[in-house]
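Protein chains in written order, with the numbering used here: chain A, 1 to 505; chain B, 506 to 1013. Below is one structure; the comments refer to it alone.
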Amino acid sequence: MLAWTIYVSFLGAAALMLVPRDNTRAPRLIALLAAGAGLGIALAGAFQAVPGELKTIVKLPWIPSLGIQYHLAADGISLTLLVLTGLAAVAGVLFSWNVEHRAKEFFALYLALIGAVYGVFLSFDLFLLFVFYELAIIPKYFLIAIWGSTRKEYGAMKLALYSFGGSALVFIGLLAAYVTAGAKTMSLLELARFPFPQGFQLWAFPLTFVGFGILAGLWPFHTWAPTGHVAAPTAASMLLAGVVMKLGAYGCLRVAMTLFPRGLDDWGFAVLGLASWRGLLSWLAVIGIVYGATVALVQRDLKFVVGYSSVSHMGFVLLGLLTLDPLGLNGAVLQMFSHGVIAGLLFAVAGRMVYDRTHTLQLAQLQGMQLGRLLPFAAVTFVIASVASMGLPGFSGFVAELQVLLGAWRAFPLLGVLAGFGILVGVAYSLRALQMAFFGEPGPAVAGAGAHPDMAPISVPERIGALILIGASLLIGLCPQLLLNLIAPSFASPLFRELLKGAGP
Amino acid sequence: MSYLQLLQLAAPETILVIAAFGLVSADLLALRDLDPPFRRIICALIACTGCAAAIGWMVALPQQANVLEGMLVVDPLTRLVKIGLLVLTVFTVLLSVETDFTPHVGEYFALLLFGTVGMMFLVSAEDLLMIFISLELTSLSLYILTAFDKRNVPPTEAALKYFLFGSAAAAITLFGLSLLYGIAGSTNLGEIARAAASRALRVVQDGDGTVRTLIDPLLAGAIVMTVIGFGFKVAAVPFHLWAPDAYQGAPIPSAALIASGSKVASFFIFAKVMSTGFAGAEGSAAWQAARAGWVPMLAILAGASILLGNLVALVQTSVRRLLAYSAIAHAGYMLLGVMSGAGPGLAPLLYYALTYSLSVIGAFGVVSIVQQRAGGDRLEDFAGLSRRAPALSFCMLIFMLSLAGIPPLAGFFAKFYLFSAALGVGGPHLGLLWLVSLAVAMSAVSLYYYLQVLKQIYIVETPAAPAANPPPGAQFTLVVLAASVVALGCVPGLLTERLAAALRAAGL
Chain A
1 MLAWTIYVSF
11 LGAAALMLVP
21 RDNTRAPRLI
31 ALLAAGAGLG
41 IALAGAFQAV
51 PGELKTIVKL
61 PWIPSLGIQY
71 HLAADGISLT
81 LLVLTGLAAV
91 AGVLFSWNVE
101 HRAKEFFALY
111 LALIGAVYGV
121 FLSFDLFLLF
131 VFYELAIIPK
141 YFLIAIWGST
151 RKEYGAMKLA
161 LYSFGGSALV
171 FIGLLAAYVT
181 AGAKTMSLLE
191 LARFPFPQGF
201 QLWAFPLTFV
211 GFGILAGLWP
221 FHTWAPTGHV
231 AAPTAASMLL
241 AGVVMKLGAY
251 GCLRVAMTLF
261 PRGLDDWGFA
271 VLGLASWRGL
281 LSWLAVIGIV
291 YGATVALVQR
301 DLKFVVGYSS
311 VSHMGFVLLG
321 LLTLDPLGLN
331 GAVLQMFSHG
341 VIAGLLFAVA
351 GRMVYDRTHT
361 LQLAQLQGMQ
371 LGRLLPFAAV
381 TFVIASVASM
391 GLPGFSGFVA
401 ELQVLLGAWR
411 AFPLLGVLAG
421 FGILVGVAYS
431 LRALQMAFFG
441 EPGPAVAGAG
451 AHPDMAPISV
461 PERIGALILI
471 GASLLIGLCP
481 QLLLNLIAPS
491 FASPLFRELL
501 KGAGP
Chain B
506 MSYLQLLQLA
516 APETILVIAA
526 FGLVSADLLA
536 LRDLDPPFRR
546 IICALIACTG
556 CAAAIGWMVA
566 LPQQANVLEG
576 MLVVDPLTRL
586 VKIGLLVLTV
596 FTVLLSVETD
606 FTPHVGEYFA
616 LLLFGTVGMM
626 FLVSAEDLLM
636 IFISLELTSL
646 SLYILTAFDK
656 RNVPPTEAAL
666 KYFLFGSAAA
676 AITLFGLSLL
686 YGIAGSTNLG
696 EIARAAASRA
706 LRVVQDGDGT
716 VRTLIDPLLA
726 GAIVMTVIGF
736 GFKVAAVPFH
746 LWAPDAYQGA
756 PIPSAALIAS
766 GSKVASFFIF
776 AKVMSTGFAG
786 AEGSAAWQAA
796 RAGWVPMLAI
806 LAGASILLGN
816 LVALVQTSVR
826 RLLAYSAIAH
836 AGYMLLGVMS
846 GAGPGLAPLL
856 YYALTYSLSV
866 IGAFGVVSIV
876 QQRAGGDRLE
886 DFAGLSRRAP
896 ALSFCMLIFM
906 LSLAGIPPLA
916 GFFAKFYLFS
926 AALGVGGPHL
936 GLLWLVSLAV
946 AMSAVSLYYY
956 LQVLKQIYIV
966 ETPAAPAANP
976 PPGAQFTLVV
986 LAASVVALGC
996 VPGLLTERLA
1006 AALRAAGL
C-alpha cells in the first residue's frame, strides 16, 4: 500500500494537467487531496509497521537482462522519512494557498517533486533509487526559477547544477559498484552483501558519500542551500530544507555507508591527524555545524538566517551518521525528522507569513515594523519554532541533537564538544533573528519600511499548517519513542551489520 | 544465386528506390500545378508508404543470407537496424511536410529516400567496396539535401563546407581502405581481420625482457585513415568542423536526418568495421595500462568530443548550433560504445543511437515550428513558448531532458547502459573509469545548456501573446516522438530485449 504514496502524488500531478488554465481554486484542492492522501498512507504504514522488519512492497523485474528490479520496500528509517514527507507536503500546500500565478503548473511540479521524494525513500533497487533521486531535481529548478523571489534564476540554476553534479558523483560510484559486482544486479540488498575489495571501497565510499552529501548541505559544498532556500517560494523552501536535504542524508546512510562500509576504515596512514574518511568527513560535518551557525549570526536577511541554520542542523545529521554509534545513528535519523518539521515551520513563517505581507525580509526593515504586534500568530509560531530549533527540551530537536551529541562524545570527544559549541551559537542567532524580526523597537523610520496598514491577518490554512508542524515537533519531543521504536530496530538489520561491526567506543 | 533471389533479399531497399522514382514522376507529371502544401502531403504520403512497405516486407518475411561474402548481409540484426532507420526517416518525412523552403518537392522527398537507401545498404555491408559505395550514396544525398534551400546564403555555405570536408574525408577513407586491401588481399571484413591479427601485430621482447605488441605501420596507417573517415561521418572532434554550420544552415528536416538516421547507420558500421575488421588490433585504453591499437585512439577522440562539445555548447545562442555541439558531445559518448567492442558494446550503442535520434528529430521539429513563427532559432525566440503552445513546449521539455540524461527518459537509461558496458570492458578492473567519469561529469555540465532552452520556454514570461497552435500534423508527430522517448525510458526492455535477441541470432 505504501507504494501508493508515490502513485498518488504523480497521479495528482497528472490530474492537475487537465485542469483549465484560469481555474486557480481547483489546483490547490487537488494538491491538498493528493498530499493528504500521501500523508495518510504513510501514517497508516507507520502504525502497521513491525519494528525491525524490512517489508517489501513491490518487487517486479524491470529490466531483466541487466538485473534491474522495480523493488519498493520500507523499514523504520524509510517510514520515518515518509511520514516527514507527508507532513511537509501537506503543510507546504497549506502555506501555498495564495499561489495564483500559474497555479496549476506550480502544484503539478510540487506534487511531482513529492512523488520523487517518496520514491527515493522507498526504493531498494539502486537504479530505481537513482531514477527518483534525479527526477527530483527538475521540479525544484522550475519551482524556484518561476515562482521564486530574490535572484531566483541564479539560485535555481545553482541548485540544479549542484544537485546534478552530486548525482554525477553518485552515478559514477553506482556504475563502478554495479560493474565490479559482475553487472548482474542493482538490488541494494544483494550488492550490500557483495564483498567489494577494500581498495575499491576506499575511493567509492567518499565519492558516493560526498555526492549525496552535497544535497545534505555538507560543508564546503553547502553554498547552494542558502541561496536556493532564499530564492525558493515558501512551499519549495519548506520542501527543500524539510525533505530534499534529507534525500542527501538518506542517500549517505542507505547507499554510501551500506554499500561500502569498509570505506570508513583507516587509510593506513595519517594526514594532519586524520586517518580515515570517517575522520575527515566528521570534521567537515562539525565545521558545517559551527560555520552555519556563525554565519547565520550575522545575516541581514531573515531567510538567510534560516537557510544557514539548515546547514548547521544538517551537520548534526551527518555527524550522527558518522559516529557509527547506535545512539548517534538513531539521533541522526530523528534529527532528519525534527529538522524537516522545524525548518519547514521557520521557512513558512519567514516566507509566507512575513514576506507575503511585508515584501521584505531585511531584518533592519522588519525591526521597525513591530510585527510582534501586527502579526501575533506569526510571532508566536516563530518563537515556538526558534526555541524548538535551539533544542529546548520538549521539542523534537532536543531529543535528536542530544542523541547525536552523546554518540559523538563516545566516538570523537573533541568533535562532540565543538558541536555543542555550535548549539550555543544556535541559541544566539535564533534569539537575534527573533528579536530583530518580531520584537524590534519602533525606531527611526527605515527607508522602504513604510507602514503596511493593510497587513492581512494570518489566514486559516496558514494556522492549520503551522499547528500541524508544531504538533508534530511537540509530539516527537515529548514522546520520541513513537519514532525511535521504528528507527532503532532497523539498525539491527543485516544491512548494517558490516557497517557497525568495526565501530564502537 | 539468381537475380530474383538477390532482389528478394534487397527488396526493402528496392521498394524504397521504386517509391523514390514514383514520387519524382508523380510530382513531375501530375502534381506540378497544385498547391505546394498539398504537393508536400502527397509526396510525404508516397514516401511513408514506401517506408512502411519496406518495414512490412522485413517484418513479414524474415530472411537470413550473406550474399557474395559480405556484399549484402541480411540477418535479424541488420533487419532491426534497418527498421529503426526507416522509422526515423518516416519521422523526418512527416516533419518535412510543414516546411516550405523549396518548390522542388518531389526531388526533395526522393533524396530523403535515396539517403535512407544508402544507409540501409551501409548497414548490410561487410565488404569494403560496398561500405564505401553506400557511404558515398548517403553522403551525396545528404550534401544535396543540405544545399536544398537555394534561396538563402547560409544553407549554401553549410553545404559547401559539408561537401568539402566530406569529400576530403572520403578520399582519406578510401586510401585507408586500399591499404587494408593491400594488407589482406581481400575486401571482406572477416578476411581483413584474419590478416590483421596474424600478420600485422608483432610481439617483441625488449632488452629488459618486457613484452610489447607493436602495430604494423601499414595497419596503423589504415586504422588512422579509416577512423578519420568515420570520425567525420559521426562528427567526432577534431573532424566536427562541418557540423555546427550544417546543423544551423541546412533545411531542418535535412539537419534532422543528418543528426539521426545518418548517425545510427554510421555508428553501426563504424562499430562493425572496428570490432570485426580490426579484431586483434584493439589495444587498450585502460588507465596506466594503455596499449597501442584503435581503442586508445577512439578514447582520445571520445574524450575530446565530450569536452569540446559540451563546453562550446554552453555559450551558444542559436538553438540549432547548440544542438550541433550537443551532437558532438553525444558522438563522444557513443564512441565509448564502439570502444566496448561488438559483443558487449553494440546493443547499448544501438539503443543510445536510436533513442538519441528520436529526441533529436523531435527537438529539430520543435525548432522548425518556432523558427517559422518567430523567424529565428535564437534562444530568445523560444521565450514564453509555454504560454503560447503548451503541448509543444512539453514535448521540447521531454526531448531536452532526455538529451541531458534525466530519468525516466530514454536518454538516461541509454547512458546507464552504455557507460556500464564501457566500464565492464576487460572484466571488473574498471580500466575505462577515467573516460566514463569524464563522460558523466560532462553530462552534468550539459544540463546547464539544455536548461537554458527550457528556461526560455517556461520561465521567461513575455507579454501576453495569442495562443499559436502548431500545425496539427507536426504536433501529432512530435507527441508520438515524445511518447516514444518516455516509453523507451520507462520500459527499455521494449528495445533492449529485441536488440539482445538480434545480436544472439547474428552470433555476437
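No residue lacks a Cβ here, since even glycine has one placed at the ideal position from N, Cα and C. This structure is a prediction, so every number in the text was calculated from the model and none was measured.
Buried or exposed (CB count within 10 angstroms, at least 16 for buried), residue i
i	result
A/Met257	buried
A/Gly344	buried
B/Gly808	buried
B/Pro659	exposed
A/Lys152	buried
B/Tyr508	exposed
B/Leu819	exposed
B/Ala815	The sequence as given places Asn at residue 815 of chain B; Ala does not occur at that position. Burial call: buried.
A/Pro505	Reliability fails at A/Pro505, whose pLDDT of 38 lies under 50, so the model's placement of it is uncertain and the value that follows must be treated cautiously. Exposed is the call here.
A/Cys479	exposed
A/Ala447	Annotation note: pLDDT 47 at A/Ala447 (below 50); position unreliable, coordinate value reported separately. Exposed.
B/Glu518	buried
B/Pro853	buried
B/Ala535	exposed
B/Ser780	buried
A/Trp267	exposed
B/Tyr730	In the sequence as presented, Tyr is not what sits at residue 730 of chain B; that position holds Met. Flag for B/Met730 reads buried.
Span of the alpha helix (DSSP H), counted from its first residue to its last, around residue i
i	result
B/Asp750	747–754
A/Ala338	Position check: residue 338 of chain A holds Ser in this sequence, whereas Ala was assumed. Unbroken alpha helix (DSSP H) run through A/Ser338: 326–347.
A/Pro413	413–438
B/Val991	977–995
A/Trp147	137–147
B/Cys548	541–565
Range covered by the beta strand (DSSP E) that runs through residue i
i	result
A/Gln69	68–74
B/Leu577	577–579
A/Ser276	274–276
A/Val120	Careful: A/Val120 lies outside any beta strand (DSSP E), inside the alpha helix (DSSP H) at 103–122.
B/Ala829	That residue, B/Ala829, is in no beta strand (DSSP E); its alpha helix (DSSP H) goes 824–844.
A/Pro535	This structure cannot speak to residue 535 of chain A, because chain A is shown only from 1 to 505.
A/Gly268	266–271
B/Val572	570–572
Assumed close pair residue i, residue j - CB separation to whole angstroms, cut-off 8 Å
i	j	result
A/Lys140	A/Leu16	Wrong, their Cβ atoms sit about 17 Å apart, outside the cutoff.
A/Leu129	A/Ile57	The pair is not a contact, with the Cβ atoms about 14 Å apart (cut-off 8 Å).
B/Ala894	B/Tyr955	Wrong, their Cβ atoms sit about 19 Å apart, outside the cutoff.
B/Leu806	B/Leu647	So it is not a contact: roughly 21 Å between Cβ atoms.
Sequence-distant residues of the same chain with beta carbon closer than 6 Å to residue i, five excluded per side
i	result
A/Gly119	Ile6, Phe132
B/Ala1007	Pro581, Leu582, Leu585
B/Phe775	Phe735, Val843
Contact set for residue i: own chain, Cβ-Cβ below 7 Å, skip 5 residues either direction
i	result
B/Phe737	Phe670, Gly671, Ala674, Phe744
A/Gly36	Val90
A/Val243	Leu84, Thr85, Ala88, Val117, Gly340
Cutoff 7 Å: residue i Cβ touching any chain D Cβ
i	result
A/Val120	Checking the listed chains, one finds no chain D in this structure; the protein chains it contains are A and B.
Chain-order list of residues whose beta-carbon lies under 8 Å from that of residue i (same chain, five-residue window excluded)
i	result
A/Ala49	Lys55, Ala74, Gly76, Leu79, Leu486
- Query: Listed in chain order, which residues of the stretch 850–863 of chain B have Cβ atoms closer than 7 Å to some Cβ of chain A?
  - Reply: none
- Against chain B: residues of the stretch 244–270 of chain A by CB proximity under 8 Å: none
- Query: For the stretch 923–937 of chain B, which residues have a beta carbon sitting closer than 7 Å to at least one beta carbon of chain A?
  - Reply: Phe924, Ser925, Leu928, Gly929, Pro933, Leu935
- Message: Residues of the stretch 402–425 of chain A in Cβ contact with chain B at a cutoff of 9 Å, in chain order, please.
- Response: none
- Query: What residues in the stretch 684–700 of chain B have a beta carbon less than 9 Å from any beta carbon of chain A?
  - Reply: none
- Quick one, which residues of the stretch 813–826 of chain B are near chain A if we go by CB-CB under 7 Å, in chain order? none
- Query: Of all the residues that make up the stretch 159–181 of chain A, which are near chain B by a beta-carbon distance shorter than 7 Å?
  - Reply: Ala160, Leu161, Phe164, Gly165, Ala168, Phe171, Ile172, Leu175, Ala176, Tyr178, Val179, Thr180
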